[in-house]
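Trainee: All the letters of the sequence shown, read from the start, carry residue numbers 1060 to 1552 under the working numbering. Every residue, glycine too, gets a C-beta built ideally from N, C-alpha and C. Take this structure first; my questions come after.
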Amino acid sequence: MTQSLIDLSTTQMVSGLRAGTFSSRELVQAFLDRIDAVEPNVHAYLSLLPEQALAQADKADARLSDARAKSSSDDLPALLGLPIAVKDLLTVQGMRCTCGSKILENFVPPFTATSIQHLLDAGVIIVGKTNMDEFAMGSSTETSAYGPTSNPCDLSRVPGGSSGGSAAAVAAREVPVAIGSDTGGSVRQPASFCGLTGIKPTYGRVSRYGLIAYGSSLDTVGVLAHSAEDAALLFEQMAGADPKDATSVDVSVPSIKFDNRTDLKGLRVGVPAEYFIKGIQPEVEAAVRKAIQTLKDMGAEIIEVSLPHTSYALPVYYLIAPAEASANLARYDGIRFGPRSDAESMWGMFRETRGELFGPEVKRRIMLGTYALSAGYYDAYYGQAQKVRTLIKRDFDEAYQKVDVIACPVAPTTAFKQGEHSGDPLAMYLEDVFTLPTNLAGVPGLAFNVGFDSNSLPIGMQLMGPHFKEEVLFKTAHAYQQVTDWHKRFPAL
Ligand code: GLN
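Structure follows, in structure tokens:
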């Protein structure tokens, strides 16, 4: 029983709970058993809440059986009794939130992130908080102050990052779905490395309130799941304007209806030459091109498009993101949050605390950011980067005059070995070359599995769309997932 429960899709779990086929307690227990079995090898979680989760499952079960007795399940919350995991940079009142850093080792937030509150209102049960690169800076989950997470497809490899814990937890079936954040690719690249579907919504679509800030003009909250349909279930609940986040946007959230249609007639898919560059792993390019052919076979029209400023996205991102991070991270000074190091003076205490408790990658970003913002350099670096950012956004605006979605690889490679890029920050930064542009432009992106390489490692394709057109991305990926079964293959862990 327990073994088969964790193999169900999230959509099936939600309807099974409603129908009373199994209870929320049975479902949560099945995942807790799985966590006991595989977590020592995967290390996806930074904290687990088994007793609390089971207690909430019992409450959900009481409501579910009550509704069944009265035959009135209509007003039950949409996801009642469903276990999820949350990346450890989204606050949940009373639950420790480390952001993968020693500087927040003992931080217990007094409030809950709006995105998570929406999910709690929809009835989900949080089983744990997941591992991540420190302050979401990284592409491998190796910069976590609490040790790396392993890729369930090959334990010697990274799960991607920075939402690597969320991705690994879902891929290892330690939870059906998980929440991550994406500032430059942190939902989509780990989704790609672990064979999952991951959505980075339009900037402003999901509230950032309670998301510990990295690059505030780029940060988004996303979902990692086994399929587009499963990811959409959570996306719909999380999205919506929030008076506590002035950058959230009041655009109606569609209720996405999926069917079994596999006909993509009328859909115009753009393929940008700038995303098929030298240096990309040949098996990745081949799998993505094959998936594009599949979309064509399903009736889509394939159109070449150009996003001419793509090659500037990486330098622009690595000026803007660290600049914003250097300001956002100034608040961690040993006074307001976390542990404090002793020193003679106030300045000495700041220095000691930050020096001891931030990891090397975070310090590198703060140095880069403060440099780019310093007097005399501001115009040359930060100001210039902002101008080029506008050009990148315009590239997308123009392309979407001609096409509905744009298809490209998620990352130039499949999952790399742990330690492979640790000594080479530039090689690590290059992993994000295809995901950063959407964050700079604020448009949505969706990653999903379109095959495996010769080492049996998953390969991801990205669909990018115009602002607030997540529904098209979900539906296109869903149609593809109707005619293929890549997304149903679980790692043999
Ligand atoms: N890997 C990128 C970085 O290190 C993106 C991270 C993210 O999206 N949070 O900045």
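For L1076, count the other beta carbons within 10 Å of its own beta carbon; 16 or more makes it buried, fewer makes it exposed. Which is it?
Mentor: Position 17 of the sequence shown, counted from the start, is the residue given in the question as residue 1076. When all chains shown are included, L1076 counts as buried.
Trainee: Report buried or exposed for Q1521, applying the criterion of at least 16 other Cβ atoms within 10 angstroms of its Cβ.
Mentor: Numbered from its first residue, the sequence shown carries residue 1521 at position 462. Classification of Q1521: buried, given that the 10 Å Cβ count is 16 or more.
Trainee: For A1345 and G1519, I'd like the C-alpha separation in whole angstroms.
Mentor: Position 286 of the sequence shown, counted from the start, is the residue given in the question as residue 1345. Position 460 of the sequence shown, counted from the start, is the residue given in the question as residue 1519. Roughly 11 Å separates the two Cα atoms.
Trainee: If contacts are defined as beta-carbon pairs under 8 Å, then V1292 and L1138 qualify, I think. What distance do you get, rounded to the angstrom?
Mentor: Taking the sequence shown and counting its residues from 1, the one referred to as residue 1292 is at position 233. Taking the sequence shown and counting its residues from 1, the one referred to as residue 1138 is at position 79. Sequence inspection shows Leu at residue 1292; the Val mentioned does not correspond to that position. The C-beta distance from L1292 to L1138 rounds to 7 Å, short enough to fall under 8 Å.
Trainee: Can you grab the Cα-Cα spacing for the pair M1060 / D1133, in whole Å?
Mentor: If you number the sequence shown from 1, residue 1060 lands on position 1. If you number the sequence shown from 1, residue 1133 lands on position 74. Bear in mind that a pLDDT of 45 at M1060, under 50, signals an unreliable position, so the number given afterwards is only what the model happens to contain. Between M1060 and D1133, the C-alpha separation is close to 28 Å.
Trainee: Let me check you understand the geometry: is the CB of A1195 closer than 7 Å to at least one non-hydrogen atom of ligand 1?
Mentor: Reading the sequence shown from its first residue, position 136 is the one you call residue 1195. Checking every heavy atom of ligand 1 against the Cβ of A1195, one is found closer than 7 Å.
Trainee: Our contact map puts T1208 next to V1145 with C-beta atoms below 8 Å; I'd like the distance itself, whole angstroms only.
Mentor: Along the sequence shown, read from residue 1 onward, the residue named residue 1208 stands at position 149. Along the sequence shown, read from residue 1 onward, the residue named residue 1145 stands at position 86. Not quite, the Cβ-Cβ distance comes to about 15 Å (not below 8 Å), so this is no contact.
Trainee: Provide the residue span of the alpha helix (DSSP H) that contains R1327, from first to last.
Mentor: By one-based count along the sequence shown, residue 1327 stands at place 268. Where R1327 is concerned, there is no enclosing alpha helix (DSSP H), although the beta strand (DSSP E) it sits in stretches over 1327 to 1331.
Trainee: Looking at Y1273 and ligand 1, is the gap between the Cβ and the nearest heavy atom below 7 Å?
Mentor: Residue mapping note: residue 1273 aligns to position 214 of the sequence shown, counting from 1. Within the cutoff, so yes.
Trainee: Within 10 angstroms of the Cβ of E1363, are there 16 or more other Cβ atoms? Answer buried if so, exposed if not.
Mentor: As a first step, residue 1363 is located in the sequence shown; it is residue number 304 there, counting from the start. Classification of E1363: exposed, given that the 10 Å Cβ count is below 16.
Trainee: Tell me which same chain residues have a C-beta within less than 8 Å of the C-beta of R1512, skipping the five on either side of it?
Mentor: Here residue 1512 refers to the residue found at position 453 of the sequence shown. Here residue 1512 is Asp; the residue named in the question, Arg, does not match the sequence. Cβ neighbours of D1512 beyond the five flanking positions: Q1340, E1342, V1343, A1346, T1473, I1518.
Trainee: My guess is that G1187 and L1108 are in contact by the Cβ rule of under 8 Å, so how many angstroms apart are they, rounded?
Mentor: Counting from 1 along the sequence shown, the entry for residue 1187 is found at position 128. Counting from 1 along the sequence shown, the entry for residue 1108 is found at position 49. Between L1108 and G1187 the Cβ distance is about 6 Å, and since that is below 8 Å, they are a contact.
Trainee: Comparing the CB of T1261 with every heavy atom of ligand 1, is any distance shorter than 7 Å?
Mentor: The sequence position of residue 1261 within the sequence shown is 202, counting from 1. No, Cβ of T1261 sits at least 7 Å from all heavy atoms of ligand 1.
Trainee: Could you name the residues that DSSP lists as bridge partners for D1213?
Mentor: Reading the sequence shown from its first residue, position 154 is the one you call residue 1213. N1210, per the DSSP bridge assignment.
Trainee: In the DSSP assignment, what are the bridge partners of Y1104?
Mentor: Counting from 1 along the sequence shown, the entry for residue 1104 is found at position 45. BP columns for Y1104 point to T1189.
Trainee: From H1546 to F1507, what does the alpha carbon distance come to, in whole angstroms?
Mentor: In the sequence shown, counting from the first residue as 1, residue 1546 sits at position 487. In the sequence shown, counting from the first residue as 1, residue 1507 sits at position 448. So the two alpha carbons sit approximately 8 Å from each other.
Trainee: So the alpha helix (DSSP H) C1253 belongs to, where does it begin and stop?
Mentor: Translated into the one-based positions of the sequence shown, residue 1253 becomes position 194. That run of the alpha helix (DSSP H) goes 1247 to 1253.
Trainee: Would the beta-carbon of I1065 fall within 8 Å of that of R1084?
Mentor: To locate residue 1065, count along the sequence shown from 1; it is residue 6. To locate residue 1084, count along the sequence shown from 1; it is residue 25. For the pair I1065 and R1084, the CB atoms are not nearer than the 8 Å cut-off.
Trainee: Could you check whether A1231 and A1103 sit closer than 8 Å to each other, using their CB atoms as the reference points?
Mentor: Within the sequence shown, numbered from 1, the residue matching residue 1103 stands at position 44. Within the sequence shown, numbered from 1, the residue matching residue 1231 stands at position 172. Yes, these two residues count as a Cβ contact at 8 Å.
Trainee: Considering only residues of the same chain and omitting the five flanking positions on each side of V1265, which have a CB-CB separation below 6 Å?
Mentor: Numbered from its first residue, the sequence shown carries residue 1265 at position 206. Cβ neighbours of V1265 beyond the five flanking positions: S1174, V1280, M1297, A1298.
Trainee: Excluding the 5 residues preceding and the 5 following P1381 in the sequence, name in chain order all residues of the same chain whose CB lies nearer than 6 Å to its CB.
Mentor: On the sequence shown, position 322 is the one that residue 1381 refers to. Closer than 6 Å at the Cβ level, and outside the excluded window around P1381, lie R1424, L1427, G1428.
Trainee: Under a Cβ-count criterion, where at least 16 other Cβ atoms within 10 Å of its own Cβ denotes burial, should E1383 be classed as buried or exposed?
Mentor: Residue numbering aside, residue 1383 sits at position 324 when the sequence shown is read from its first letter. Under this definition E1383 is a buried residue.
Trainee: Where does S1400 sit, in a helix, a strand or coil, going by DSSP?
Mentor: Numbered from 1 along the sequence shown, position 341 holds the residue referred to as residue 1400. Under the three-state reduction of DSSP output, S1400 falls in the coil class, being neither helix nor strand.
Trainee: For the beta strand (DSSP E) holding P1517, just list the boundary residues, first then last.
Mentor: Position 458 of the sequence shown, counting from 1, holds the residue named residue 1517. Segment 1517 to 1523, the beta strand (DSSP E) holding P1517.
Trainee: From A1551 to E1164, what does the alpha carbon distance come to, in whole angstroms?
Mentor: If you number the sequence shown from 1, residue 1551 lands on position 492. If you number the sequence shown from 1, residue 1164 lands on position 105. Distance between the alpha carbons of A1551 and E1164 is about 33 Å.
Trainee: Using alpha carbons as the reference points, say which of L1214, S1307, G1219, L1373 lies closest to E1201.
Mentor: On the sequence shown, residue 1201 is found 142 positions in, with the first residue counted as 1. Checking every option, the nearest Cα to that of E1201 belongs to G1219.
Trainee: Could you name the residues of the same chain whose beta carbon sits closer than 6 Å to that of I1379, not counting the 5 residues immediately before and after it, in chain order?
Mentor: Reading the sequence shown from its first residue, position 320 is the one you call residue 1379. For I1379, where only same-chain residues beyond five positions count, the Cβ hits under 6 Å are A1444.
Trainee: Figure out for me which residue from A1350, G1159, G1269, G1140 has the closest Cα to the Cα of Q1541.
Mentor: Translated into the one-based positions of the sequence shown, residue 1541 becomes position 482. Comparing Cα positions, the closest option is A1350.
Trainee: By alpha-carbon positions, which one of F1081, L1326, P1211 ends up nearest to A1096?
Mentor: Indexing the sequence shown from 1 puts residue 1096 at position 37. For the residues F1081, L1326, P1211, the minimum Cα distance to A1096 belongs to P1211.
Trainee: What would DSSP say about V1151, mapped onto helix, strand or coil?
Mentor: As a working mapping, residue 1151 is identified with position 92 in the sequence shown. Here V1151 sits in strand by DSSP.
Trainee: Between the alpha carbons of G1206 and M1357, how many angstroms are there, rounded?
Mentor: Taking the first residue of the sequence shown as 1, we reach residue 1206 at position 147. Taking the first residue of the sequence shown as 1, we reach residue 1357 at position 298. C-alpha separation (whole angstroms): 44 Å.
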